[in-house]
Every structure is written in structure tokens, then in C-alpha cells.
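Chemist:
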Amino acid sequence: MFPKTLIWNDENLAILDQRKIPWEVSYCICKNYSEVADAIEKLKIRGAPAIGIAAAYGVALAALEGVDKIIPAIERLSHTRPTAVNLFWSLKRMEVAFYASLEKDLPRALLNEAHLILDEDIRINRAIGEKGAEILPETCTILTHCNAGALATGGHGTALGIIRTAKEMKKSIRVFADETRPVLQGARLTVWELMQDGIDVTLICDSMAGSLMKEGKIDAVIVGADRVTSRGDVANKIGTYQLAILSQYHSIPFYVAAPVSSFDWSLASGDDIPIERREASEVLCLGGDTSLPDNYAVYNPAFDVTPSELISAIVTEKGLIMAPVSVNIDSFKKKL
Ligand code: MRU
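In the working numbering, the protein residues as written are 4 to 339.
(1) Less than 8 angstroms between the CB atoms is what I'm expecting for residue 224 and residue 146, so what's the real figure, rounded?
(2) Report the rounded CA-to-CA distance for residue 174 versus residue 89, giving the unit in angstroms.
(3) Quick check on this structure: which residue in 188, 4 and 70 has the alpha carbon closest to the alpha carbon of residue 242?
(4) With a cut-off of 8 angstroms on the beta carbons, I'd call residue 64 and residue 33 a contact; round off their distance for me.
(5) Along the beta strand (DSSP E) that carries residue 281, what are the first and last residues, could you check?
(6) Could you check where the beta strand (DSSP E) with residue 180 kicks off and where it finishes?
(7) Excluding the five sequence neighbours on either side, which residues of its own chain have a C-beta within less than 8 angstroms of the C-beta of residue 6, listed in chain order?
(8) For the ligand MRU, is there any heavy atom lying closer than 7 angstroms to the beta carbon of residue 331?
(9) Does DSSP put residue 356 in a helix, a strand or coil?
(10) Cβ of residue 51 within 8 angstroms of Cβ of residue 271?
(11) Just to confirm, does residue 226 get its C-beta within under 7 angstroms of one of the non-hydrogen atoms of the ligand MRU?
(12) Pull the bridge partners of residue 11 from the DSSP assignment, please.
(13) Ignoring anything shorter than 4 residues or poking outside the stretch 72-115, list the alpha helix (DSSP H) runs there in chain order.
(14) With burial defined as no fewer than 16 other Cβ atoms inside 10 Å of the residue's Cβ, what is the status of residue 73: buried or exposed?
(15) Closer than 7 angstroms to a non-hydrogen atom of the ligand COA - does that hold for the CB of residue 177?
(16) Measure how close the beta-carbons of residue 238 and residue 86 come, nearest whole angstrom, since I'm counting them as under 8 angstroms.
(17) Taking the alpha-carbon positions, what's the residue 252 to residue 246 distance?
(18) Leaving out the 5 sequence neighbours to the left and right, which residues in its chain are closer than 7 angstroms to residue 283 when beta-carbon positions are compared?
(19) At 4 residues or longer, and completely inside the stretch 29-57: list those alpha helix (DSSP H) runs for me, N to C.
(20) Any heavy atom of the ligand MRU inside 7 angstroms of the beta-carbon of residue 245?
(21) Does the beta-carbon of residue 167, which I'm using as the reference point, lie nearer than 7 angstroms to any heavy atom of the ligand MRU?
(22) Restricting to Cα atoms, I'd like to know which of 157, 236 and 257 is closest to residue 310.
(23) Return the residue from the list 154, 9 and 233 that minimises the CA-CA distance to residue 337.
(24) In the DSSP assignment, find the alpha helix (DSSP H) that holds residue 194 and state where it starts and stops.
(25) Along the chain, where does the beta strand (DSSP E) that runs through residue 147 open and close?
(26) Please name the residue or residues paired with residue 208 in a DSSP beta bridge.
(27) Report buried or exposed for residue 142, applying the criterion of at least 16 other Cβ atoms within 10 angstroms of its Cβ.
(28) Provide the residue(s) that pair with residue 304 in DSSP beta bridges, ordered along the chain.
(29) Can you find at least 3 beta carbon pairs, one from the stretch 122-142 and one from the stretch 150-165, that sit closer than 8 angstroms?
(30) Rounded to whole angstroms, how far is the Cβ of residue 182 from the Cβ of residue 190, which I believe are closer than 8 angstroms?
(31) Would you kindly report the start and end of the unbroken beta strand (DSSP E) that includes residue 252?
(32) Does the ligand MRU have even one heavy atom less than 7 angstroms from the beta-carbon of residue 310?
(33) In the DSSP output, which residue or residues are listed as bridge partners for residue 258?
(34) Mind checking whether residue 58 and residue 94 have CB atoms under 8 angstroms apart?
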């Protein structure tokens, strides 16, 4: 059975340690909110929805520590990773639940809210999966980037959720997974995750995508999202933007799978999205113990922004926003 991304064990949160996959499947036990924050920062848990869910449980753990720990926990957790808006969305929900709770048992109320966020996420991903799988042809080779799968969410996944559901619908699906330098979420996580489900997946280096497209090997690109602005620009893992440009050049549909919780209606455009910069060591490390000299200058933005003009459709649990996304997103928003 596919391992759960996170498991609540009465008074602690077990997080599947994604830094160790595929070599080892083990959980790291978080007994307080600081340990959850540390796990998010160190990428033991990653992926926009999963970060949000973990943070919600972090607040629930704080409530067990004492009512005075709740606001400091929200503050600490909100400073872990800046780009995925799901983190702030989920912390807001926990804060609202905190102030709204008339229950004597505040820890129970906050834990229930965290459980709800997790359960909702799995249902939402299934809905994204169904809506996205419907638009794929019966036989389809998909290119994906990073990991927007069960590991990045409460379960099923967003981009990989579409692939899973298409497989359940008996469509003939083949996947190419970009390795996704520097942290290799594609190589380590996506390939491993799809193999667990018996989905035909082949690993490629990031630099091979254009060549595969030119050879006619790719029918569609599907990626996840960390934040979607009110004009439909999308922040996702570094390397997504160049895939979108390559897709447009080769007339290949470029789909983004994202729950409504990934939309940040307060931002006018992708230029406003805060992009996380991570440490040089991620780029300098070439795998295992091999590392480049640490006096090399390194630039390491973890995300990039794809303008909505390059997106064929954003697939959400509430339906599709078809191109032109910057125009159709307004009527989508009104129906929410
Ligand atoms: O740095 P990461 O691994 O957290 O980045 C993850 C991604 O970019 C995913 O594509 C995105 O969060 C969507 S997950 C459903």
C-alpha cells in the first residue's frame, strides 16, 4: 500500500521523510510545532498542499502544549517557506478556528480542523483527477516536473492525481518525469511514486525535455502549482516556465493542476509572488558525497513563474479554467 504522507498518532505527527525516498521509507516524529516547522524547512515534507496540512497539525500540536503557544506557532510556521500559498491559507483556517472555538477542549477543536483540512485535500485531489483525466486522450504520453503527487498532498496528488485517475479510467498513460534539479523531486519522488502504482514512468534529465517534444514523444505536460495569481500566472518548481515555453513552441497542451486553496486572489500578477531562494549547497551537491567546491558562486531560486498566456488550462476541483486563462479566470472566480 502507498505510504501516507503524514499520520496523526494521538499526540505526535509522523511525517514521511521525503529526503530519504527512494532509498528508505521512514517517518520522522514531530512532537511539537518547532519540529514540524523544521521538517518543512528541511524538505522532509514538501509540496504546497502537504506543507499546508503539516502546518495545520503543527498548530494542533501547539494547542496541546498550551493555549499561549498557538499564536507563536502560527508565526513560526508562517516563516518556513514563502512561495506556496497553501501554507498561509491553512494557517489562516487554524487561526479562525482558534478564535471561533467556543469549545472547552481547544486542542480537540484545532485537531479536528487539521483532520478536516487533510480529508478535504484528498477529496479535492480526486475531483481534480477526474476533471483532468477527462480531457486527456485515450492514449497519452505526459511529461511532468517536480512532484505534484500523493507525496506532495494529503493523498492522490494534483498533477499525478490526474495521471492516477486516467489510469483508473483505463486510459493508456505513459509518463516522462523530469529529474528536477537541484533537489531531484522528479527523480527521487515522482518516479518512485508512480512505480508504486504500476504506472509506466521513465526518468529524463531536465535538459532533455525540448528534444523529446521535438521528436513528438510528448502529448501533454501536466504540472502542479504553489501559487496562482488573480490573472492566472502560476508559480511552480524552478524549470516549469521553460517547459511552458517549450510546450507552446511545439504546440503541446500545458496543463496546471491546482486546488482553489493554491489561488492567491490578492496578487495581481506573477511578479508579486515571493520566490524562495534556497542554500547554495543544494546546487553544489551532485549526489551522494560528491560536491562542487564551496567557493563557487551559486544562484538557487526554488520556483519560477509561468505567465497565464502559456497555460492551456488550469484544472481545479471546481472545474477547468481554459485558455485564455487571464480572461476566463474572472468568471471562474465569480462562481466560487
Ligand atoms: O520545493 P517543493 O518540493 O515543495 O516544490 C513542490 C512543487 O513545486 C510542486 O509542484 C507544487 O508544490 C505542487 S504540489 C501538489
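Glycine is no exception: its CB is placed at the ideal position from the N, C-alpha and C atoms. These figures come from a predicted structure and were not determined experimentally.
Modeler: Quick answer:
(1) Stepping through the sequence shown from its first residue, residue 224 is reached at position 221. Stepping through the sequence shown from its first residue, residue 146 is reached at position 143. Confirmed, Cβ separation roughly 5 angstroms.
(2) On the sequence shown, residue 174 is found 171 positions in, with the first residue counted as 1. On the sequence shown, residue 89 is found 86 positions in, with the first residue counted as 1. Near 31 angstroms, if we compare the C-alpha coordinates of residue 89 and residue 174.
(3) The sequence position of residue 242 within the sequence shown is 239, counting from 1. For residue 242, the closest alpha carbon among the candidates 188, 4 and 70 is that of 188.
(4) Working through the sequence shown from its first residue, we reach residue 64 at position 61. Working through the sequence shown from its first residue, we reach residue 33 at position 30. Sure, about 7 angstroms apart at Cβ, within 8 angstroms.
(5) Locating residue 281 in the sequence shown gives position 278, counting from the first residue. No beta strand (DSSP E) contains residue 281, which DSSP labels as neither H nor E.
(6) On the sequence shown, position 177 is the one that residue 180 refers to. Note, residue 180: beta strand (DSSP E), 175-181.
(7) Here the question's residue 6 lines up with position 3 in the sequence shown. 19 and 28.
(8) Within the sequence shown, the letter at position 328 stands for residue 331. No, since every heavy atom of the ligand MRU falls outside the 7 angstroms radius drawn around the Cβ of residue 331.
(9) The chain is shown from 4 up to 339; residue 356 falls before or after that span and cannot be answered.
(10) Along the sequence shown, read from residue 1 onward, the residue named residue 51 stands at position 48. Along the sequence shown, read from residue 1 onward, the residue named residue 271 stands at position 268. Cβ distance not < 8 angstroms, so residue 51 and residue 271 don't count as in contact.
(11) Here residue 226 corresponds to residue number 223 of the sequence shown, with the count starting at 1. In this structure, the ligand MRU has a non-hydrogen atom nearer than 7 angstroms to the beta-carbon of residue 226.
(12) Taking the sequence shown and counting its residues from 1, one reaches residue 11 at position 8. 16, per the DSSP bridge assignment.
(13) Counting only runs of 4 or more, we get 73-80 and 88-103.
(14) As a first step, residue 73 must be located in the sequence shown, where it is residue number 70. When all chains shown are included, residue 73 counts as buried.
(15) Although the ligand COA was asked about, the structure shown includes only the ligand MRU as ligands.
(16) If you number the sequence shown from 1, residue 238 lands on position 235. If you number the sequence shown from 1, residue 86 lands on position 83. Between residue 238 and residue 86, the beta carbon gap of about 6 angstroms places them in contact (Cβ cut-off 8 angstroms).
(17) Reading the sequence shown from its first residue, position 249 is the one you call residue 252. Reading the sequence shown from its first residue, position 243 is the one you call residue 246. Going by the C-alpha atoms only, they are around 10 angstroms apart.
(18) Walking along the sequence shown from the start, residue 283 turns up at place 280. Excluding sequence neighbours, residue 283 sits near 301 and 303.
(19) Counting whole runs of 4 or more residues, the stretch 29-57 contains the alpha helix (DSSP H) stretches 36-44.
(20) Translated into the one-based positions of the sequence shown, residue 245 becomes position 242. Remark: the C-beta of residue 245 is outside contact range of the ligand MRU, defined as less than 7 angstroms to any heavy atom.
(21) Here residue 167 is taken as the residue at index 164 of the sequence shown, counted from 1. No, since every heavy atom of the ligand MRU falls outside the 7 angstroms radius drawn around the Cβ of residue 167.
(22) By 1-based counting over the sequence shown, the position of residue 310 is 307. Looking at the Cα atoms, 236 is the closest of the given residues.
(23) One-based indexing of the sequence shown puts residue 337 at position 334. Checked all of 154, 9 and 233; the closest Cα to residue 337 is 233.
(24) Position 191 of the sequence shown, counted from the start, is the residue given in the question as residue 194. Residue 194 -> alpha helix (DSSP H) spans 194-199.
(25) Start at 1 with the first residue of the sequence shown, and residue 147 comes out as number 144. Counting along the chain, the beta strand (DSSP E) containing residue 147 begins and ends at 142-147.
(26) One-based indexing of the sequence shown puts residue 208 at position 205. In the DSSP output, where bridge partners are listed per residue, residue 208 has none listed.
(27) Here residue 142 corresponds to residue number 139 of the sequence shown, with the count starting at 1. Exposed.
(28) Locating residue 304 in the sequence shown gives position 301, counting from the first residue. Bridge partners of residue 304: 280.
(29) Short answer: they touch.
(30) Residue 182 sits at position 179 when you count from the first residue of the sequence shown. Residue 190 sits at position 187 when you count from the first residue of the sequence shown. Rounded, the Cβ-Cβ distance is 4 angstroms, consistent with contact.
(31) Position 249 of the sequence shown, counting from 1, holds the residue named residue 252. Not the beta strand (DSSP E): residue 252 falls in the alpha helix (DSSP H), residues 243-252.
(32) Mapped onto the sequence shown, residue 310 falls at position 307. With a cut-off of 7 angstroms, the C-beta of residue 310 is classified as distant from the ligand MRU, since no heavy atom of the ligand falls inside that distance.
(33) As a working note, residue 258 is residue 255 in the sequence shown. DSSP lists 225 and 316 as partners of residue 258.
(34) For the purposes of this step, residue 58 is taken as the residue at position 55 of the sequence shown. For the purposes of this step, residue 94 is taken as the residue at position 91 of the sequence shown. Going by C-beta atoms, residue 58 is nearer than 8 angstroms to residue 94.
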